[in-house]
Amino acid sequence: MVRRGLEREVTGREILSAAVTGARTVRRQPAEALVARLRGARLGAAGRIGKFLLLPLDDGTEMLVIHLRMSGQLLLTPPSWPVGPHTHAVLSLSDGRELRFVDPRTFGELFVAPASPGGPGASPGRPAALAHLGPDPLSRQWSAAALRRALAGRTARLKPLLMDQRFVAGIGNIYSDEALFAARLRFDRPAGSLSGEEVGRLHRAVRATLREAVRLRGSSLSDGQYVDLFGEPGGYQSRHRVYGREGQPCPRCGGPVRRLSLGGRSTFFCETCQP
DNA sequence: CAGATGCCCTGGGCGC
DNA sequence: TGCGCCCAGGGCATCT
């Protein structure tokens, strides 16, 4: 969603100037170093690894890495638009527009990292800072067979494992609950206890859930934090079957959707349909 | 190692 | 209306 917008809108643009005003927005390097590196750089086609956005700079040996975390937004605006509150970074582009990083909770960050040259164990292009991230669940390498091998013998519960970015990259609280509902699996099943048939259901459910969410441009909750480059909300929230629906009828059996706290995060599920 | 907890922050919603 | 709580698409450090 955001990556697609970036690829469509900013590929090939030059950064005429960059400004960072947020004190916490650039924390892996001096903000001045990032600003200096971005000035004059030409942007390549946007990539994504898990929840990290990657914007290649110039020849691609370095990239601007962006993580929006909980409340970050990237907005593409005319420079004349009023700069909203919590705007922590602004890139002025050669097409006359501005790419603005807005983040009320300041959990998000930007940094510039060298792309790894590739080689054994490292996919080319992936910055070393992101080496810990697991496979993308929509990639070919994340097959049902690979998932079965990865789950075998694990005692961890399904939901925390799905949300572990080292295990598989890109699944957060909403989509783990939705995928587990679609797979008819309880969030606290020990990962290694799944039958082959159940692994197949989980694999299909994760991929179908993420594909549909991307197709509908993501989930915007009532706080309106997630929006696309032009400030438009996503449409997947209306398709949530359990997330944020405590007490409402389960779309499969009609029983009440349950909510509990797991590791400090809300978990939504149906006791009947997710045994 | 798995798991729980706390923390980084601001803002919106709700109950009183 | 105002205040205090609880909650929020994430990730990391630190404990047990």
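Per this note's numbering: the first sequence ends with 897, consecutive numbering throughout.
All residues carry an ideal CB built from backbone N, CA and C; glycine is no exception.
Let me make sure I understand the geometry here. Which of Arg826, Ala774, Gly818, Thr699 has the alpha-carbon closest to that of serine 798?
Scanning Arg826, Ala774, Gly818, Thr699 for the CA closest to the CA of serine 798 turns up Arg826.
Roughly how many angstroms separate the alpha carbons of valine 642 and arginine 881, rounded to a whole number?
40 Å
Measuring CB to CB, does phenylalanine 729 end up less than 8 Å from methionine 692?
Between phenylalanine 729 and methionine 692, the CB-CB gap stays under 8 Å.
Using 8 Å for Cβ pairs, my map puts isoleucine 637 next to leucine 755. What's the rounded Cβ distance?
Contact doesn't hold; Cβ gap of about 26 Å is too wide.
Label proline 902 either buried or exposed according to how many other C-beta atoms from any shown protein chain fall within 10 Å of its C-beta, with 16 as the threshold for buried.
Only positions 623 to 897 of the chain appear in this structure, which leaves residue 902 out of reach.
Enumerate in chain order the residues of its own chain whose CB-to-CB distance from aspartate 680 is below 7 Å, with the five nearest sequence positions on each side excluded.
Ala663, Arg664
Quick check: what's the CA-CA separation for glycine 869 versus arginine 661?
C-alpha of glycine 869 to C-alpha of arginine 661: approximately 52 Å in a straight line.
Which residues in the same chain have their Cβ closer than 7 Å to the Cβ of glutamine 896, if we skip the five residues on either side of it in sequence?
Leu802, Phe803, Arg806, Leu807, Arg808
With three or more C-beta pairs closer than 8 Å as the rule, is the stretch 877 to 892 touching the stretch 850 to 864?
yes
Based on the DSSP secondary-structure assignment, which residues constitute the bridge partners of serine 898?
The chain is shown only over 623 to 897; residue 898 falls outside these bounds and no answer can be derived.
Using a Cβ-Cβ cut-off of 7 Å (strictly less than) and excluding sequence neighbours within five positions of valine 836, which residues of its own chain qualify?
Met623
Please go through the stretch 727 to 801 and give each complete alpha helix (DSSP H) segment of 4 or more residues, from N-terminal end onward.
766 to 773, 780 to 785
Less than 8 Å between the beta carbons of alanine 735 and valine 687, yes or no?
yes
Label arginine 833 either buried or exposed according to how many other C-beta atoms from any shown protein chain fall within 10 Å of its C-beta, with 16 as the threshold for buried.
exposed
Which residues bound the beta strand (DSSP E) around valine 687?
684 to 689
What residue ranges within the stretch 818 to 862 form continuous alpha helix (DSSP H) runs of no fewer than 4 residues, ordered along the chain?
818 to 837
Could you give the first and the last residue of the continuous beta strand (DSSP E) run that contains alanine 640?
It spans 637 to 642 - the beta strand (DSSP E) in which alanine 640 sits, taken as one unbroken run.
Got a sec? Which residues, its chain only, sit under 7 Å from histidine 689 by beta carbon, not counting five neighbours each side?
Once the five neighbours on either side are set aside, the close Cβ partners of histidine 689 are Lys673, Phe674, Gly730, Glu731.
Can you name the start and end residues of the beta strand (DSSP E) that leucine 705 belongs to?
Checking the sequence shown, residue 705 turns out to be valine, not leucine. Boundaries for valine 705: no beta strand (DSSP E) harbours it, and the DSSP string shows neither H nor E there.
Please confirm if the stretch 812 to 830 is in contact with the stretch 777 to 797, defined as three or more CB-CB distances below 8 Å between the two stretches.
yes
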